[in-house]
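Inspection log for the structure reproduced underneath, given as structure tokens.
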Amino acid sequence: KAGVTQTPRYLIKTRGQQVTLSCSPISGHRSVSWYQQTPGQGLQFLFEYFSETQRNKGNFPGRFSGRQFSNSRSEMNVSTLELGDSALYLCASSFGQGVNEQFFGPGTRLTVL
Amino acid sequence: AQSVTQLGSHVSVSEGALVLLRCNYSSSVPPYLFWYVQYPNQGLQLLLKYTTGATLVKGINGFEAEFKKSETSFHLTKPSAHMSDAAEYFCAVSDSTSGGSNYKLTFGKGTLLTVNP
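Residue numbers (this note's numbering), protein chains in the order written: chain A, 1 to 113; chain B, 1 to 117.
So, in structure tokens, the structure goes:
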């Protein structure tokens, strides 16, 4: 069974640009969560989607947005990039109901110059 | 609001020695608790989880953790460290009242484990 895949693995952008990251969950998983990981703030929850609906959102500005498609694949978008957005963005998938394991992808390393 | 505190951002042990990584949590409702491991340039892998029932939880790679409600702790242990255990370890808590779904994890800052030969 294929794991969670994230594309691209590495990105370099400049301030003010926007970026879109993609996540393909494990087959059969309907929930996709996004996390930002930085050395200073650690792992922080961005948002979670289940069946194309955002179920929960973390404390991030509106520049961070996401969506989920009918095949459960998810994208997150960051507009007007700032230097502080440089981070590892992790996607995790799960069945989405009941207590079940979140399976993490390898992440997308975003560098903002 | 939930929070997780991991005591010690860096723990160093000798190969074969006991590994003890500390985690304390704060939650207003019965928590679900998790330990994840992250190797360099990789995502997170679940080591073990506590939901309900037995408070001593066994995970992969010989790790285990004990849920102690009175101490609000969920410390991770392994009797004998191996070189391959060197990684960063994260404790996480989830709200058990959220429809039973652990879709939102609150993580600790992580503990980097170094294993010396």
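Here a beta-carbon is modelled for each residue, glycine too, at the ideal position from N, C-alpha and C.
Leaving out five residues on either side along the sequence, give the residues of the same chain with a beta carbon under 6 Å from the beta carbon of residue i.
i, result
"Asn24 (chain B)", "Thr5, Thr72, Ser73"
"Arg22 (chain B)", "Leu7, His75"
"His10 (chain B)", "Leu112"
"Lys58 (chain B)", "Glu64"
"Glu52 (chain A)", "Gln68"
"Gln102 (chain A)", "Ala92, Ser94"
"Arg55 (chain A)", "Glu48"
"Ser22 (chain A)", "Thr7, Glu75"
"Ile12 (chain A)", "Thr111"
"Lys57 (chain A)", "Phe47"
"Pro117 (chain B)", "Glu15"
Can you check whether the CB of residue j is closer than 9 Å to the CB of residue i?
i, j, result
"Asn77 (chain A)", "Ser93 (chain A)", "no"
"Gln17 (chain A)", "Ala87 (chain A)", "no"
"Ser3 (chain B)", "Ser26 (chain B)", "yes"
"Gly96 (chain A)", "Phe45 (chain A)", "no"
"Gly110 (chain B)", "Leu43 (chain A)", "yes"
"Leu47 (chain B)", "Phe67 (chain B)", "no"
"Gly53 (chain B)", "Lys78 (chain B)", "no"
Relative to the C-alpha of residue i, which candidate in the options has its C-alpha closest?
i, options, result
"Ser31 (chain A)", "A:Glu75, A:Leu43, A:Leu11, A:Thr20", "A:Glu75"
"Ser14 (chain B)", "B:Thr106, B:Ala87, B:His82, B:Asn41", "B:His82"
"Arg73 (chain A)", "A:Pro25, A:Arg9, A:Thr14", "A:Pro25"
"Phe47 (chain A)", "A:Phe103, A:Gly107, A:Ser22, A:Asn59", "A:Asn59"
"Arg9 (chain A)", "A:Gln97, A:Cys91, A:Gly96, A:Glu101", "A:Cys91"
"Ile60 (chain B)", "B:Ala17, B:Val115, B:Val37", "B:Val37"
"Thr55 (chain B)", "B:Ala17, B:Lys69, B:Pro117", "B:Lys69"
"Thr20 (chain A)", "A:Tyr89, A:Gln41, A:Asn100", "A:Tyr89"
"Asp85 (chain A)", "A:His29, A:Asn100, A:Thr108", "A:Thr108"
"Asn100 (chain A)", "B:Asn116, B:Lys49, B:Thr77", "B:Lys49"
"Asn71 (chain A)", "A:His29, A:Val4, A:Glu82, A:Gln41", "A:His29"
"Phe104 (chain A)", "B:Val115, B:Thr114, B:Gln42", "B:Gln42"
So, at 8 Å on beta carbons, what are the nonlocal neighbours of residue i in its own chain, with the 5 sequence-adjacent residues on each side left out?
i, result
"Gly108 (chain B)", "Val4, Thr5, Gln6, Cys23, Phe90, Cys91, Ala92"
"Gly100 (chain B)", "Below a pLDDT of 50, predicted positions are generally treated as unreliable, and Gly100 (chain B), at 46, falls in that range; no measurement from the model is reported."
"Leu18 (chain B)", "Thr77, Lys78, Pro79, Ser80, Ala81"
"Thr114 (chain B)", "His10, Val11, Ser12, Val13, Ala86"
For residue i, does the count of other Cβ atoms within 10 angstroms reach 16, so buried, or fall short, so exposed?
i, result
"Tyr39 (chain B)", "exposed"
"Ala87 (chain B)", "buried"
"Gly16 (chain B)", "exposed"
"Ser33 (chain A)", "buried"
"Leu44 (chain B)", "buried"
Let me check one thing: in DSSP terms, what residues is residue i bridge-paired to?
i, result
"Met83 (chain B)", "Met83 (chain B) pairs with nothing; no bridge assigned."
"Arg67 (chain A)", "A:Glu75"
"Leu46 (chain B)", "B:Tyr36"
"Thr106 (chain B)", "B:Val93"
"Gly42 (chain A)", "A:Thr38"
"Ile12 (chain A)", "A:Thr111"
"Val29 (chain B)", "Bridge partners of Val29 (chain B): none, in fact."
"Phe47 (chain A)", "A:Trp34, A:Lys57"
"Leu68 (chain B)", "Per the sequence presented here, residue 68 (chain B) reads as Lys, with Leu not at that position. Answer is B:Ser73."
By Cβ distance, which residues of its chain are closer than 7 Å to residue i, with the 5 residues on each side in sequence left out?
i, result
"Arg63 (chain A)", "Val78, Ser79, Thr80"
"Pro106 (chain A)", "Gln6, Arg9"
"Pro39 (chain A)", "none"
"Thr106 (chain B)", "Gln2, Ser3, Val4, Ala92, Val93"
"Glu82 (chain A)", "Arg15, Val112"
Going by the C-beta, is residue i closer than 8 Å to any heavy atom of the ligand MN?
i, result
"Leu113 (chain A)", "For the ligand MN, the structure offers nothing, since it holds no ligand at all."
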